[in-house]
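Residue numbers (the working numbering), protein chains in the order written: chain A, 401 to 915; chain B, 351 to 762. Shown next, in structure tokens, is the structure this report addresses.
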């Protein structure tokens, strides 16, 4: 059990003069689940890329010992041959190919040289799917037709097909809901029993303390500490302290709860699926928001929260939408996104890279994108100096860490990108902000800063609807929680009533009631 | 210590950005110098400046329209055919229907707008890929050109119509005698010159305008408390641009004066450049090309953006069609063949990205001029058209390769 499988010694990796990794040592024993924690940009992914050969031997200094011998990987193929498989956050699956084809992509089952042996491909992939708990899936299903959670499991099946000894997972649960995450973690435990060692990068501390045997905390390219289960109690506060170098006494900053009158109301809202005209996605939803209030939308992945929010926001999702929206007691028309913006409603997307930012452009350019008209005269000529001024103001106001406002947003870390998207919408001076997964995939420090921005907005008398898959976030931030399930409001809980159990109970009873 | 390090660093990045920005312009000047030397100065003759403007005017016009299409991540394959079609219609209206010149021009412009709206409708609202719509229109309008012209060349066109592409602005030629003077014990002599004073005055006015704009720009920047580039840097920039403009007008003045088509070009370039760089509409085009989904969720009416981009392209095709038929003095079925490729190549040589969101009007104009100078230089050297195509292709490939590699380096 306690044989050392991997030892990385004195790893130093320099990017254009900046040390991303500085003399890092990492020891992984056979059969353990080893968690890597650290803020975004701490160097976790860089370390794993060094290990898997993404950064070839020679581009870093230090040595890698795997199964007792020194390894000099020149590419990913070389590390895979040794049994080291990395699963990146962005899954490497081809959407139009079947599950079976994806499992053996790059590792095709062939006969007579290079002809694909379909029988063997299907048979073996069926076996592998069984191992990862996907025995009910047809291996001929296209990847695009299964959910993200299952895709993640297909990636693991793919790794198993390569005779994996050391499995590296980069943020495996970032896009998964609690239930899917649980399934994945149980699978890791099961693989552990079969002798597969895992290294897992994660921001979700509760998961880490749930499954990890050893935790290594990295900060600014250094290993801060290594905590072993058994020798020391693993608790979240300790990990957080190691990651950020300071004690975050409260993960959710306090604010005054001065909730005013109802300012925004959605009544009898119905939405149909954009492609399947008969499928009702949102069914008769009624919600309201008060001045200075944070309203949380809780629910499982696929409950319809994003669909609800986007259909309200300028009907950017769905078809055959019916229902009415009231703001300050008056009915408003929000048939297009520019109507919504004009009416002081903003929606911050859950997927900042695809829907939130133009990655090739710079910070100031992205910040002003939704509010361009306020920087322009009546002929549509932009005053670029005013634009620069506003970008400077908001960059320092919400603490975007960058060289300048001319830095391209594609080169920023996730947390800073999120802040740019937030700034973009704050610049439209909305009264109602809908924040969809505002802290997905960003580190604890940046999360805290975003919560502070939310509180700041509330203090200015704005109202916020927050959608989050992390229940603790909804509970920590919201004054009131709507539980969404299967496109309906399953319940409404006040701050005092709301708890993880209460929300789950709400969902369960709604599911029973629906059947 | 750390602050001084930081200063050096920011200074360095600033310079490298500037170099990339002006890279293609420097390449243009380099190519010009090389060919001037290779042709033993022939390229630098005043008449060749004149020819450079005249011969490349339609490519520049089309490149201005094309760069918007390229910015959205698309192309327009139909511009050669539409250019020919517009020329054919206006020529046959004048020659066969005896329509007055001004009416024919208005008809031509309206046809261009209508063709653009037609394409824009299918691309933006029916959401058929631009590649397919414009490929179809390339065939349709080439065919219609043949139909309108009945397969024949229609001409000759009215002299006033021909003036558009072959005429000059009013001139005021002044004769300068040979001058001699002694300096440092040597005798200097200038040749006798006949120069159009209008060209010279326009050149000087342009230089004054450039200086005023730069001073104004610096003043507002200071008012906003922004950092301004050093006075020396500003001065060098202004002097270089003004010098180039004045060499140009001087050469044109020594030839036949300022071509009317140059005025058309300058107006189009200024309008397109201003719209793309300084207006909300221009910003929306860049946003659409950079990330269409994010643009849409930011409240940008993406379909409307796409529609007007193709309407603008149609209008540019119409102007190019008028200029082309005016220059040829007739409309021919084969006119404008391959123009779409020249216009696209201009955009890409000028630094535009095929995936959209990156590129400038000035870049595309510089790209068009690079191809024009290459054409002219190689013709003067007596290279065959066949080899000219090979060289132009190689330049396109080389320019884009260089651009991509330098971008990759800067992101690493």
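From the three backbone atoms N, C-alpha and C, an ideal C-beta is built for every residue, glycine too.
Straight-line Cα distance separating residue j from residue i
i, j, result
"residue 560 (chain A)", "residue 436 (chain A)", "22 Å"
"residue 749 (chain A)", "residue 837 (chain A)", "7 Å"
"residue 458 (chain B)", "residue 434 (chain B)", "11 Å"
"residue 916 (chain A)", "residue 449 (chain A)", "This structure leaves residue 916 (chain A) out entirely; chain A is present only between 401 and 915."
"residue 471 (chain A)", "residue 404 (chain A)", "15 Å"
"residue 408 (chain B)", "residue 615 (chain B)", "9 Å"
"residue 421 (chain B)", "residue 882 (chain A)", "43 Å"
"residue 529 (chain B)", "residue 401 (chain B)", "29 Å"
"residue 462 (chain B)", "residue 726 (chain B)", "29 Å"
"residue 648 (chain B)", "residue 583 (chain A)", "36 Å"
"residue 415 (chain A)", "residue 423 (chain A)", "14 Å"
"residue 560 (chain B)", "residue 596 (chain B)", "12 Å"
"residue 700 (chain A)", "residue 872 (chain A)", "13 Å"
"residue 550 (chain B)", "residue 605 (chain B)", "12 Å"
"residue 478 (chain A)", "residue 695 (chain B)", "41 Å"
"residue 445 (chain A)", "residue 853 (chain A)", "28 Å"
"residue 407 (chain A)", "residue 545 (chain A)", "40 Å"
"residue 640 (chain B)", "residue 599 (chain A)", "36 Å"
"residue 601 (chain B)", "residue 372 (chain B)", "24 Å"
"residue 677 (chain A)", "residue 880 (chain A)", "33 Å"
"residue 496 (chain A)", "residue 541 (chain A)", "9 Å"
"residue 379 (chain B)", "residue 446 (chain B)", "45 Å"
Contact under 8 Å by Cβ, residue i with residue j
i, j, result
"residue 585 (chain A)", "residue 610 (chain A)", "yes"
"residue 614 (chain A)", "residue 628 (chain A)", "yes"
"residue 431 (chain A)", "residue 551 (chain A)", "no"
"residue 426 (chain B)", "residue 656 (chain B)", "no"
"residue 691 (chain A)", "residue 894 (chain A)", "no"
"residue 547 (chain B)", "residue 524 (chain B)", "yes"
"residue 807 (chain A)", "residue 762 (chain A)", "yes"
"residue 698 (chain A)", "residue 548 (chain A)", "no"
"residue 832 (chain A)", "residue 689 (chain A)", "yes"
"residue 711 (chain B)", "residue 782 (chain A)", "no"
"residue 711 (chain A)", "residue 732 (chain A)", "no"
"residue 454 (chain B)", "residue 681 (chain B)", "no"
"residue 683 (chain B)", "residue 444 (chain B)", "no"
"residue 427 (chain A)", "residue 460 (chain A)", "no"
Segment limits, alpha helix (DSSP H) that includes residue i
i, result
"residue 568 (chain B)", "547-573"
"residue 890 (chain A)", "Premise fails: residue 890 (chain A) lies in the beta strand (DSSP E), 888-894, not in any alpha helix (DSSP H)."
"residue 600 (chain B)", "581-605"
"residue 524 (chain A)", "518-531"
"residue 498 (chain B)", "480-499"
Chain-ordered neighbours of residue i on chain A, where CB pairs are closer than 8 Å
i, result
"residue 643 (chain B)", "754 and 755"
Under 8 Å from the C-beta of residue i: neighbouring residues of chain B
i, result
"residue 796 (chain A)", "Result: empty, since nearest Cβ-Cβ is about 14 Å, beyond 8 Å."
"residue 759 (chain A)", "640 and 641"
"residue 926 (chain A)", "There is simply no residue 926 (chain A) to check, as chain A begins at 401 and stops at 915 in what is shown."
"residue 789 (chain A)", "574"
Contact list for residue i against chain A, beta-carbon separation under 7 Å
i, result
"residue 492 (chain B)", "By Cβ distance, chain A contributes nothing, its closest Cβ being about 35 Å from residue 492 (chain B), past 7 Å."
"residue 649 (chain B)", "737, 738, 741 and 770"
"residue 637 (chain B)", "758 and 769"
Where residue i meets chain B, residues with beta-carbon distance less than 7 Å
i, result
"residue 458 (chain A)", "Neighbours of residue 458 (chain A) on chain B: none; closest Cβ ~16 Å, over 7 Å."
"residue 749 (chain A)", "647"
Closer than 9 Å at the beta carbon, the chain A residues around residue i
i, result
"residue 570 (chain B)", "785"
"residue 646 (chain B)", "716, 737 and 755"
Minimum Cβ-Cβ distance from residue i to chain C less than 8 Å
i, result
"residue 576 (chain B)", "Among the protein chains of the structure shown, namely A and B, there is no chain C."
With 7 Å as the limit, tell me which residues of the segment 762-775 of chain A have their beta carbon closer than that to any beta carbon of chain B; keep them in chain order. 769, 770, 772 and 773
Just by C-beta distance, which residues in the segment 525-544 of chain A are closer than 8 Å to chain B? none
Contacting positions in the segment 596-628 of chain A - beta carbon closer than 8 Å to chain B: none
Listed in chain order, which residues of the segment 726-740 of chain A have Cβ atoms closer than 7 Å to some Cβ of chain B? 737 and 738
What residues in the segment 796-817 of chain A have a beta carbon less than 9 Å from any beta carbon of chain B? 803, 804, 806, 808, 810 and 811
Check each residue of the segment 698-716 of chain A: if its Cβ is closer than 7 Å to any Cβ of chain B, include it; give the result in chain order. 716
Along the segment 697-716 of chain B, where does the CB come closer than 7 Å to a CB of chain A? Name the residues. 707 and 708
Taking only beta carbons into account, state which residues of the segment 827-850 of chain A come closer than 9 Å to chain B, listed in chain order. 828
Pull out every residue of the segment 481-502 of chain A whose Cβ sits closer than 7 Å to any Cβ of chain B, in chain order. none
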